[in-house]
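**Student:** In the working numbering, the protein residues as written are 68 to 287.
Below is one structure. I have some questions about it.
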């Protein structure tokens with residue numbers, strides 16, 4: 068099957084550079100709504116037959132225009148939410164943001180025992196994300212999965228068979244960036260494309276936003 072992992076549209080926390088992973092989370096900025104509105108046309112050629120979203124509000128708002136355009140229901144999945152920041156939640160200073168990202172990208176390179184301060188380790192994250200990806204694979208041939216910046220980067224680095232261990236730390240994923248993979252939970256996953264910029268192009272990018280959850284580690 069084909070798997071389209073789509074990061075949610077811009078949120079106020081992205082603009083401020085804040086670690087914002089708690090439920091239900093914020094909605095979208097005006098730019099985020101425009102980014103979401105651009106998704107149906109950008110994915111017009113993809114025969115999407117199911118749409119999955121996380122339990123955080125921002126993914127559901129981002130997916131709504133695509134669901135309305137295709138006449139599909141949003142399927143809320145309990146394991147697709149962002150990597151929890153634990154005791155770093157709500158912080159935006161450089162040391163806290165780097166501590167979060169260094170822990171997350173370590174999971175992508177195989178150090179699953181490393182624990183997020185006050186939260187989970189990499190085993191916990193991959194277990195819950197894998198469950199919902201497997202469910203999506205079992206219900207569709209081409210699935211659009213709306214998730215989050217760190218979660219998509221880390222899961223792809225850990226599960227795609229054709230990327231290096233440093234992949235999560237080196238690749239940007241802007242709001243509404245799309246990551247395409249093919250494969251299955253049984254046979255493994257292959258990364259086909261990584262479109263790190265918004266699907267509507269640079270006109271929908273916010274170059275002034277801090278947005279640490281989408282930036283390469285070296286830029287934080």
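In this text, a Cβ means the ideal position worked out from N, Cα and C, and glycines have one as well.
Which residues in the same chain have their Cβ closer than 6 angstroms to the Cβ of residue 109, if we skip the five residues on either side of it in sequence?
**Tutor:** For the purposes of this step, residue 109 is identified with residue 42 of the chain shown, where counting begins at 1. Excluding residues within five positions, the ones whose Cβ falls inside 6 angstroms are 266.
**Student:** Could you tell me whether the stretch 149 to 158 touches the stretch 74 to 86, using the rule of 3 or more Cβ pairs below 8 angstroms?
**Tutor:** Yes, the stretch 149 to 158 is in contact with the stretch 74 to 86.
**Student:** Please classify residue 183 as buried or exposed, where buried requires at least 16 other C-beta atoms within 10 Å of its C-beta.
**Tutor:** Translated into the one-based positions of the chain shown, residue 183 becomes position 116. The residue is buried, with at least 16 neighbouring Cβ atoms inside 10 Å.
**Student:** With distances taken between CB atoms, is the gap from residue 221 to residue 175 smaller than 7 angstroms?
**Tutor:** Indexing the chain shown from 1 puts residue 221 at position 154. Indexing the chain shown from 1 puts residue 175 at position 108. Yes, the pair counts as a contact, with Cβ atoms nearer than the cut-off.
**Student:** According to DSSP, what are the bridge partners of residue 163?
**Tutor:** Start at 1 with the first residue of the chain shown, and residue 163 comes out as number 96. According to DSSP, residue 163 bridges with nothing at all.
**Student:** Return the CA-CA distance between residue 244 and residue 198, expressed in angstroms with no decimal places.
**Tutor:** Here the question's residue 244 lines up with position 177 in the chain shown. Here the question's residue 198 lines up with position 131 in the chain shown. Straight-line Cα distance between these residues: approximately 23 angstroms.
**Student:** Identify whether residue 214 lies in helix, strand or coil by the three-state DSSP scheme.
**Tutor:** As a working mapping, residue 214 is identified with position 147 in the chain shown. Reduced to three states, the DSSP call for residue 214 is strand.
**Student:** Quick check: residue 193 and residue 225, are their CB atoms within less than 7 angstroms of each other?
**Tutor:** In the chain shown, counting from the first residue as 1, residue 193 sits at position 126. In the chain shown, counting from the first residue as 1, residue 225 sits at position 158. It is a contact, given that the beta carbons lie within the stated cut-off.
**Student:** Which term fits residue 190, buried or exposed, when burial requires 16 or more other beta carbons within 10 angstroms of its beta carbon?
**Tutor:** Position 123 of the chain shown, counted from the start, is the residue given in the question as residue 190. By the 10 Å Cβ count, residue 190 comes out exposed.
**Student:** How many angstroms separate the CA atom of residue 273 from the CA atom of residue 105?
**Tutor:** For this step, residue 273 is matched to residue 206 along the chain shown. For this step, residue 105 is matched to residue 38 along the chain shown. Approximately 15 angstroms, taken between the alpha carbons.
**Student:** Suppose only complete runs of 3+ residues qualify. What are the beta strand (DSSP E) ranges in the stretch 124 to 152, listed by chain order?
**Tutor:** The stretch 124 to 152 contains these whole beta strand (DSSP E) runs: 141 to 143.
**Student:** I think residue 177 touches residue 252, with their Cβ atoms under 8 angstroms apart; what is that distance to the nearest whole Å?
**Tutor:** Here the question's residue 177 lines up with position 110 in the chain shown. Here the question's residue 252 lines up with position 185 in the chain shown. With a Cβ gap of about 19 angstroms, residue 177 and residue 252 do not count as contacting.
**Student:** For residue 102, count neighbouring C-beta atoms within 10 Å of its own C-beta (all shown protein chains included) and say buried if the count is 16 or more, exposed if not.
**Tutor:** Against the chain shown, residue 102 aligns to sequence position 35. Buried, by the Cβ-count rule.
**Student:** Could you pull the start and end residues of the beta strand (DSSP E) that residue 251 belongs to?
**Tutor:** Within the chain shown, residue 251 is the residue found at index 184, counting from 1. Its beta strand (DSSP E) spans residues 245 to 251.
**Student:** Hey, is the stretch 161 to 169 in contact with the stretch 270 to 285, meaning 3+ C-beta pairs nearer than 8 angstroms?
**Tutor:** In short, these stretches touch, since the Cβ pair count reaches three.
**Student:** Quick check on DSSP: helix, strand or coil for residue 241?
**Tutor:** Position 174 of the chain shown, counting from 1, holds the residue named residue 241. Three-state DSSP puts residue 241 in coil, outside helix and strand.
**Student:** Determine the direct distance from the alpha carbon of residue 249 to that of residue 126, and round the result to whole angstroms.
**Tutor:** Numbered from its first residue, the chain shown carries residue 126 at position 59. Numbered from its first residue, the chain shown carries residue 249 at position 182. Roughly 22 angstroms separates the two Cα atoms.
**Student:** Here's a check: name, in chain order, each residue in its chain whose Cβ is nearer than 7 angstroms to the Cβ of residue 113, leaving out the five neighbours to either side.
**Tutor:** Taking the first residue of the chain shown as 1, we reach residue 113 at position 46. Around residue 113: 71, 209.
**Student:** Measuring only the C-alpha atoms, how far is residue 80 from residue 164?
**Tutor:** In the chain shown, the residue the question calls residue 80 occupies position 13. In the chain shown, the residue the question calls residue 164 occupies position 97. Each residue's Cα considered, the two are about 13 angstroms apart.
**Student:** Between which two residues does the alpha helix (DSSP H) carrying residue 266 extend?
**Tutor:** Here residue 266 refers to the residue found at position 199 when the chain shown is read from its first residue. First-last for residue 266: undefined, no H or E at that position.
**Student:** Counting only the same chain and skipping the five closest in sequence on each side, list residues whose C-beta sits under 6 angstroms from that of residue 235.
**Tutor:** Reading the chain shown from its first residue, position 168 is the one you call residue 235. 172, 175, 220, 221, 224, listed in sequence order.
**Student:** When DSSP builds the beta bridges, which residues end up paired with residue 118?
**Tutor:** For the purposes of this step, residue 118 is taken as residue 51 along the chain shown, with counting starting at 1. Its beta-bridge partners are 141, 211.
**Student:** Three-state secondary structure (DSSP) at residue 258?
**Tutor:** Sequence index remark: in the chain shown, residue 258 carries index 191 (1-based). Strand at residue 258.
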